[in-house]
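Data block below; observations after.
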Amino acid sequence: MKIPSPLLDAFQAVAHKGSFSAAAKSLHISQSALSRRILNLERELEADLFIRDAGGARLTSVGDMLVRYCQTKDGLEEELFESIRGRREGAHGGVLRVAGFSTVIRPVIMPALSEFIAGQPKVRVEVSIQEIRELPDLLRRGEVDFAVTYDRIERRGVVSQRLGYEENVMVTSAKVRGRYDIFLDHDIEDQTTHQFLTLQGQPYQGIERSFLGDIYGLIDGVRHGWGRAVIPRYMVEDDPDLMIMEEFEPLLLPVHLCYNQQPYVTRLFQAALDALCANAPAYLPTSSPVPVAGASRGQTG
Numbered sequence: 398m399k400i401p402s403p404l405l406d407a408f409q410a411v412a413h414k415g416s417f418s419a420a421a422k423s424l425h426i427s428q429s430a431l432s433r434r435i436l437n438l439e440r441e442l443e444a445d446l447f448i449r450d451a452g453g454a455r456l457t458s459v460g461d462m463l464v465r466y467c468q469t470k471d472g473l474e475e476e477l478f479e480s481i482r483g484r485r486e487g488a489h490g491g492v493l494r495v496a497g498f499s500t501v502i503r504p505v506i507m508p509a510l511s512e513f514i515a516g517q518p519k520v521r522v523e524v525s526i527q528e529i530r531e532l533p534d535l536l537r538r539g540e541v542d543f544a545v546t547y548d549r550i551e552r553r554g555v556v557s558q559r560l561g562y563e564e565n566v567m568v569t570s571a572k573v574r575g576r577y578d579i580f581l582d583h584d585i586e587d588q589t590t591h592q593f594l595t596l597q598g599q600p601y602q603g604i605e606r607s608f609l610g611d612i613y614g615l616i617d618g619v620r621h622g623w624g625r626a627v628i629p630r631y632m633v634e635d636d637p638d639l640m641i642m643e644e645f646e647p648l649l650l651p652v653h654l655c656y657n658q659q660p661y662v663t664r665l666f667q668a669a670l671d672a673l674c675a676n677a678p679a680y681l682p683t684s685s686p687v688p689v690a691g692a693s694r695g696q697t698g
């Protein structure tokens with residue numbers, strides 16, 4: 398059995414967009430034409446690929462399998478083209494897509510990939526900072542090759558590899574007499590300060606909070622004396638404007654590299670995976686006496 402390309406294209410569009418209407422627009426076809434293609438594909442496979450509801454289109458377990466197949470197929474085609482074009486040994490081409498939370502992408506993931514990417518002029522990189530809650534779905538839909546998150550993604554067909562731990566510390570201004578009564582967070586859903594104070598055995602209810610949008614807003618807010626904040630040590634330890642309050646026990650959060658398991662991976666994927674696993678731990682503590690799982694910071698920034 399061979400699946401026609403238009404049917405696979407329709408499937409990938411719906412999987413990536415999460416809705417039939419958005420997928421139809423991206424393919425420049427009517428929604429009814431797209432629906433017919435998906436229905437024909439489901440008939441061919443004798444299985445449902447999506448759960449249709451008010452929220453859009455969610456992948457079924459068979460849909461998950463087909464996403465991984467499409468990733469393998471696309472990777473094989475890209476690798477074939479690169480071989481035909483006669484790339485030198487060790488050279489790669491194609492697109493590498495990585496998503497993660499804001500406190501790890503710029504300080505950890507980009508430096509970990511820097512040497513590899515610098516030596517690969519034909520590789521295009523798409524790096525995005527996303528809400529932590531969105532990362533599992535991005536990976537599930539095949540929109541990214543790697544997702545970097547706090548928690549392991551406990552889903553069949555997903556590999557979650559721990560890179561190390563993010564060491565979060567309480568930080569205050571070193572030069573401005575700041576407001577000790579205010580705690581700075583990303584937004585109202587950010588639970589990092591809550592987790593940190595709970596670890597110290599201090600009450601969380603009733604504290605005053607201000608919200609500054611992203612991790613770099615928090616750092617600037619502390620620098621200007623707007624309050625205290627819980628921030629990864631590697632982002633603040635060399636900043637002369639900031640002081641780490643060492644009397645507090647650090648909050649250690651595991652950092653996981655997650656990717657879809659595939660029967661075949663391209664040379665580009667394997668080389669990027671090797672670079673991340675070899676280099677990222679240098680920026681992260683690699684052991685934790687009391688690991689604390691789960692947090693909600695590190696969102697869009």
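Going by our numbering, the sequence shown opens with residue 398, and the numbers climb by one from there. Ideal Cβ positions, reconstructed from N, Cα and C, are used throughout, including at glycine. What you are looking at is a predicted structure, and each value in this text was computed from that prediction instead of being measured.
query                                                                                                                      : result
Check whether ALA675 and ILE506 have beta carbons under 9 Å apart                                                          : no
Same chain, Cβ closer than 6 Å to ALA669, neighbours up to 5 away in sequence not counted                                  : LEU493
Terminal residues of the beta strand (DSSP E) in which HIS653 lies                                                         : 648-657
Buried versus exposed, by CB contacts within 10 Å (16 or more), ILE448                                                     : exposed
Proximity winner among PHE580, GLY622, TYR680, GLN597, relative to GLY603 (alpha-carbon distances)                         : PHE580
Any alpha helix (DSSP H) of 4 or more consecutive residues that is wholly inside the region 522-583                        : 532-537
Cβ-based burial, ALA690 [other Cβ within 10 Å; buried from 16]                                                             : Low confidence applies here, because ALA690 scores a pLDDT of 45, under 50, leaving its location unreliable and the question unanswered by this model.
Among PRO401, GLY453, GLN468, ASP450, the one whose alpha carbon lies nearest that of LEU442                               : PRO401
ILE585 in three-state terms, based on DSSP                                                                                 : coil
Proximity below 9 Å, CB of CYS655 to CB of ALA544                                                                          : yes
For ALA419, the first and last residue of its enclosing alpha helix (DSSP H)                                               : 417-424
Whether ILE628 touches THR500 by CB criterion (9 Å)                                                                        : yes
contact_flag[the region 552-560, the region 637-644] where n(CB pairs < 8 Å) is 3 or more                                  : no
Entirely enclosed beta strand (DSSP E) segments - the region 453-525, minimum 3 residues                                   : 453-456, 491-497
Nearest to HIS413 (by Cα), restricted to the options ARG433, ASP461, VAL573, TYR661                                        : ASP461
Other residues of its chain near LEU665: CB distance less than 6 Å, five sequence neighbours each side excluded            : HIS489, GLY491
Residue span of the alpha helix (DSSP H) that contains ALA675, given as start and end                                      : 664-676
Assumed close pair LEU446, LEU463 - CB separation to whole angstroms, cut-off 8 Å                                          : 6 Å
Backbone secondary structure at LEU615 - three-state DSSP                                                                  : helix
Own chain, CB closer than 6 Å to GLN658, minus 5 neighbours either side, in chain order                                    : GLY554, VAL556
Residue from GLU540, THR589, LEU609, LEU438 with nearest C-alpha to TYR547                                                 : THR589
Nearest-angstrom Cα separation, counted from PRO508 out to ALA373                                                          : Residue 373 lies beyond the residue range present for the chain, which begins at 398 and ends at 698; the question has no answer from this structure.
Rounded separation between ALA419 and PRO518 - CA only                                                                     : 33 Å
Boundaries (first-last residue) of the beta strand (DSSP E) holding PHE645                                                 : Careful: PHE645 lies outside any beta strand (DSSP E) and carries neither H nor E.
Inter-residue spacing [alpha-carbon to alpha-carbon] between LEU673 and SER525                                             : 16 Å
At least 3 beta-carbon pairs within less than 8 Å: the region 620-627 vs the region 571-587                                : yes
Cut-off 8 Å between Cβ atoms - residues of its own chain near ARG538, not counting five sequence neighbours on either side : ALA412, HIS413, GLY415, LEU456, VAL464
Residue of VAL522, ARG549, ILE529, ARG530 minimising C-alpha distance to ASP542                                            : VAL522
Opening and closing residue of the alpha helix (DSSP H) in which SER402 lies                                               : 402-414
Beta-carbon gap between ALA496 and GLU563 smaller than 9 Å                                                                 : no
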